[in-house]
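Report on one structure; see the data block that follows.
2 protein chains.
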Amino acid sequence: MTSTLFTNIGELATNDPGAEDLLGLVEDAALVVEGGRVAWVGRAADAPAADEAVDLGGRAVLPGFVDSHSHLVFAGDRAQEFAARMAGESYAAGGIRTTVAATRAATDEQLTSHVARLVEEMRRQGTTTVEIKSGYGLSVRDEARSLAVARQFTEETTFLGAHVVPEGTTPEEYVALVTGPMLEAAAPYARWIDVFCERGAFDADQARAVLEAGAAHGLRGRLHANQLGPGPGVRLAAELGLVAVDHCTYLDDADVDALRDAGTIATLLPGVEFSTRQPYPDARRLLDAGVRVALASDCNPGSCFTSSLPLCIALAVRDMGMTPAEAVHAATFRGAEALDRDDVGALVPGRRADLMVLDAPTHVHLAYRPGVPLVRGVWVAGRPV
Amino acid sequence: MTSTLFTNIGELATNDPGAEDLLGLVEDAALVVEGGRVAWVGRAADAPAADEAVDLGGRAVLPGFVDSHSHLVFAGDRAQEFAARMAGESYAAGGIRTTVAATRAATDEQLTSHVARLVEEMRRQGTTTVEIKSGYGLSVRDEARSLAVARQFTEETTFLGAHVVPEGTTPEEYVALVTGPMLEAAAPYARWIDVFCERGAFDADQARAVLEAGAAHGLRGRLHANQLGPGPGVRLAAELGLVAVDHCTYLDDADVDALRDAGTIATLLPGVEFSTRQPYPDARRLLDAGVRVALASDCNPGSCFTSSLPLCIALAVRDMGMTPAEAVHAATFRGAEALDRDDVGALVPGRRADLMVLDAPTHVHLAYRPGVPLVRGVWVAGRPV
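Heads up: the protein sequence lines correspond to chains A and B, in order. Position one of the first sequence corresponds to residue 1 (the working numbering), numbered consecutively onward. Position one of the second sequence corresponds to residue 1001 (the working numbering), numbered consecutively onward.
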């Protein structure tokens, strides 16, 4: 088994949970990869011999981003809707229906090629693990094939039949479909099940019914909640002991307490607030209360068509009260936790060697240099991609 | 002379001033380059024959960005100052002195290599013309060599000795130095002269003295003004008939009227407001009043270390009331106007063939997909770079 030494690393963020600082930073560092996993990390001066070496020229190395929330399976383009919104129209969840029509009309090959392009775009920006949801099919056939497409790219597939109630059906009929034949068809391709629990989408009872039906099929629950206004979703997530609940823009004190007590991760998606001009979620409040916070892209064609976790980090630092270290940790280690993964999200012995090299000396530059494509190289399981 | 046909362009932004729409958009377009210049533009179906062809796969093509305001000649890094500011400290112009010390200590080779890296980084993001200022030397020797370094990369060099008053000298002494020996030494390498006209830097009388001295040496004037608060700089720029005045964050009605009446361009630099959490300038107000608005990066290590005009466009659309078309136009055509250049900034016959290809079907995606590195390819004078 060939071993590779990555050396001359100016700053290595290990995310070692045993380190004194959040990112487990090591300066003048090196890292050895063997069999696709991290075999050793430490000071370059102490590095063991390896079969081959990669000199990183003093650059910073971080774990690959773990993007725990995206909607990549779709067709069509909503650039004009975006421009209209920027000119003053408010975001309407109904815009989803445009994408549903285009997605249903697309072939499997078209959907696959579209997802491939976005996954490749994410990789170039440092994302090495991505969760992908369905939710633009909203029919038995189209949800199942959306997940079959997603499954070609990631193990982290999420059935989001309960994204919005499609036209021509009542909420009651649709929940029965989602929890019945649609779930039957989708479950073989999904690890997770998710519901958009929001006024105008699904209420708490409907969300609970969907999550319980998913659990009966072996799917673990996640939730979209408290994005557009206050609501019961976050407390439901805590009550059910979900690993993560996503958006969390409108929280009262009871919501924050519930998240802390349940240990449920709040996954914040600041690209959405950037792209819709909504208020940002208050990451500082959550962190100060002892809630774990993850950052993800929510890449989707409607409310947030960015795939850039570097931008999300810059926004989290500028507008959500996170330090650069907290934001990087949230997009790597916490992202992995939000997917209940202990094999990615950190560069410590035994974890998969998913890493990015920045054209910068430290992780701070991801926030200090907003918009600049700083990711110079990406390795997945120790191989350049 | 070889001619090259760029064809299968989904959307071509020509910036043709004679077109009915601001960007002079042509769909299903083609463009012919000969001798480094645009020879023909129009519908692909009507394109003339050429010696070679480049198929752009339906992607959007724009003129290269013209970044009319940057400070690329410096050494050192202020990432920690940035992190401290994000944690609550307010922006202090004094931070410039850190960079001055590092710049003075750097060799010419170090400065050159640093500028080369940033210019290359800009090119990858679509910038094909860049103005570069001195202003971190603040001594006769260091201002002159800063400009000599900048001149290796661009014709658009700007002497900004009047950036801040260095330690150990009075404002009066320093203005005498700037308008005397420093100007003598700098003028051979500069096209423009600039002053930071702001409370705590240089007042209107000092700015006028510097600009007039520059004019006597054949340098054309520009100004930093009204960035941190209201002030006389914008009206001075209009009175002197400067081609552009930069920042323009704090304007009263008389300022706006003066800009319109003088035809002076307001160059807005939203990366600064993003990176310092200051209020954004109101582009909409300026445009509605009939003022021409340019967008530039202000790339510098202190208040704004982004080199990304795509990010500036996204911010202008989100936070400054510009449409995507206005923002793209401001970063291309208006940028060229702000440098008094009629050979770049548009893709019409006779202009230099500086263009970018987006991994997107339309220019709107630059705002719709914030943070995503959408620039797939860049050509300068018809050659890929």
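The beta carbon of each residue, even a glycine, is placed where N, CA and C say it ideally should be. Treat the numbers as computed from the prediction; the structure is a model and nothing was measured.
Backbone CA spacing between residue i and residue j [nearest angstrom]
i: A238(A); j: A244(A); result: 9 angstroms
i: L25(A); j: V256(A); result: 29 angstroms
i: H69(A); j: D359(A); result: 26 angstroms
i: S1297(B); j: I1096(B); result: 17 angstroms
i: A1225(B); j: M1322(B); result: 21 angstroms
i: F65(A); j: F74(A); result: 22 angstroms
i: S3(A); j: L23(A); result: 25 angstroms
i: G126(A); j: R351(A); result: 17 angstroms
i: V1289(B); j: G1233(B); result: Residue 1289(B) is actually Ala in this sequence, not Val. If I take the Cα positions, the gap works out to 19 angstroms.
i: R1141(B); j: A1185(B); result: 8 angstroms
i: V372(A); j: G1371(B); result: 8 angstroms
i: A176(A); j: R369(A); result: 48 angstroms
i: A201(A); j: Y174(A); result: 11 angstroms
i: V385(A); j: W379(A); result: 6 angstroms
i: D55(A); j: A30(A); result: 9 angstroms
i: A116(A); j: L311(A); result: 21 angstroms
i: L1287(B); j: I1265(B); result: 11 angstroms
i: G335(A); j: T267(A); result: 8 angstroms
i: T1103(B); j: S1113(B); result: 13 angstroms
i: T1179(B); j: G1345(B); result: 33 angstroms
i: R284(A); j: R318(A); result: 12 angstroms
i: G1229(B); j: A1338(B); result: 23 angstroms
i: T1099(B); j: Q1278(B); result: 22 angstroms
i: L295(A); j: L315(A); result: 10 angstroms
i: G1042(B); j: F1006(B); result: 11 angstroms
Buried/exposed call for residue i, threshold 16 Cβ in 10 Å
i: R1145(B); result: buried
i: R292(A); result: buried
i: P63(A); result: buried
i: D51(A); result: exposed
i: T1129(B); result: buried
i: E27(A); result: exposed
i: M1001(B); result: exposed
i: D388(A); result: Since the displayed chain A opens at 1 and closes at 385, residue 388(A) lies outside it and no answer follows.
i: R235(A); result: buried
i: D46(A); result: exposed
i: P188(A); result: exposed
i: E120(A); result: exposed
i: G221(A); result: buried
i: V1254(B); result: Sequence check: residue 1254(B) is Ala here, not Val. By the neighbour-count rule (16 or more Cβ atoms within 10 Å), A1254(B) is not buried but exposed.
i: A1216(B); result: exposed
i: D1261(B); result: exposed
Whole-Å CB distance - residue i paired with residue j, under 8 angstroms assumed
i: A60(A); j: E11(A); result: 4 angstroms
i: T1306(B); j: P1281(B); result: That pair is no contact at about 16 angstroms.
i: V348(A); j: V38(A); result: 6 angstroms
i: A1353(B); j: A1381(B); result: 6 angstroms
i: G1214(B); j: L1242(B); result: Between L1242(B) and G1214(B) the Cβ distance is about 11 angstroms, and since that is not below 8 angstroms, they are no contact.
i: V1272(B); j: C1299(B); result: Not confirmed; about 10 angstroms, so no contact.
i: L1211(B); j: V1195(B); result: 6 angstroms
i: V1032(B); j: P1048(B); result: 6 angstroms
i: P324(A); j: H363(A); result: 6 angstroms
i: V357(A); j: R376(A); result: 5 angstroms
i: L147(A); j: S134(A); result: 5 angstroms
8 angstroms Cβ cutoff, residue i in contact with chain C
i: Y368(A); result: Chain labels in this structure do not include chain C; the protein chains are A and B.
Heavy atom of the ligand SAM within 7 angstroms of residue i beta-carbon
i: V73(A); result: The ligand SAM is not part of this structure, which contains no ligands at all.
Open item on the list: Using a Cβ-Cβ cutoff of 7 angstroms, what residues of the segment 313-336 of chain A are near chain B? List them in chain order.
Closed with: Within the segment 313-336 of chain A, the residues whose Cβ lies closer than 7 angstroms to some Cβ of chain B are V317, R318, T323 and P324, listed in chain order.
Task: Contacting positions in the segment 225-250 of chain A - beta carbon closer than 7 angstroms to chain B - done: none
TODO: Identify every run of the alpha helix (DSSP H) within the segment 246-278 of chain A, keeping only runs that are complete inside it and at least 4 residues long; order them along the chain.
DONE: 253-262 and 270-276
Open item on the list: At a CB distance below 7 angstroms, what residues from the segment 108-122 of chain A approach chain B? Give them in sequence order.
Closed with: Listed in sequence order: E121.
Open item on the list: Please give the ranges of any alpha helix (DSSP H) in the segment 132-205 of chain A, keeping only runs that are unbroken, at least 4 residues long and fully inside the region.
Closed with: 140-151, 171-177 and 183-186
- [ ] Only counting runs of 4 or more residues, tell me where the alpha helix (DSSP H) segments fall wholly within the segment 201-234 of chain A, in order along the chain.
- [x] 204-216
Task: the segment 1346-1366 of chain B: positions lying closer than 8 angstroms to chain A by Cβ - done: D1359, P1361, T1362, V1364 and H1365
- [ ] Could you name the residues of the segment 271-289 of chain A whose beta carbon sits closer than 8 angstroms to any beta carbon of chain B, in the order they occur along the chain?
- [x] G271, F274, S275 and R277
Open item on the list: Suppose only complete runs of 3+ residues qualify. What are the beta strand (DSSP E) ranges in the segment 1013-1091 of chain B, listed by chain order?
Closed with: 1025-1034, 1037-1043, 1052-1055, 1060-1063 and 1065-1067
TODO: List in chain order: all unbroken alpha helix (DSSP H) runs of 4+ residues lying wholly within the segment 1093-1118 of chain B.
DONE: 1096-1105
TODO: Could I get the ranges of all uninterrupted alpha helix (DSSP H) runs contained in the segment 1281-1332 of chain B, with 4 residues as the minimum, in chain order?
DONE: 1283-1288, 1309-1319 and 1324-1331
Open item on the list: To be precise: take each residue of the segment 57-78 of chain A, compare its Cβ to all Cβ atoms of chain B, and keep it if any distance is under 9 angstroms. Which residues remain?
Closed with: D77 and R78
Task: Contact list for the segment 290-309 of chain A against chain B, Cβ threshold 8 angstroms - done: F305, T306, S307 and S308
TODO: Compile a chain-ordered list of the residues in the segment 1094-1108 of chain B whose CB is closer than 8 angstroms to at least one CB of chain A.
DONE: none
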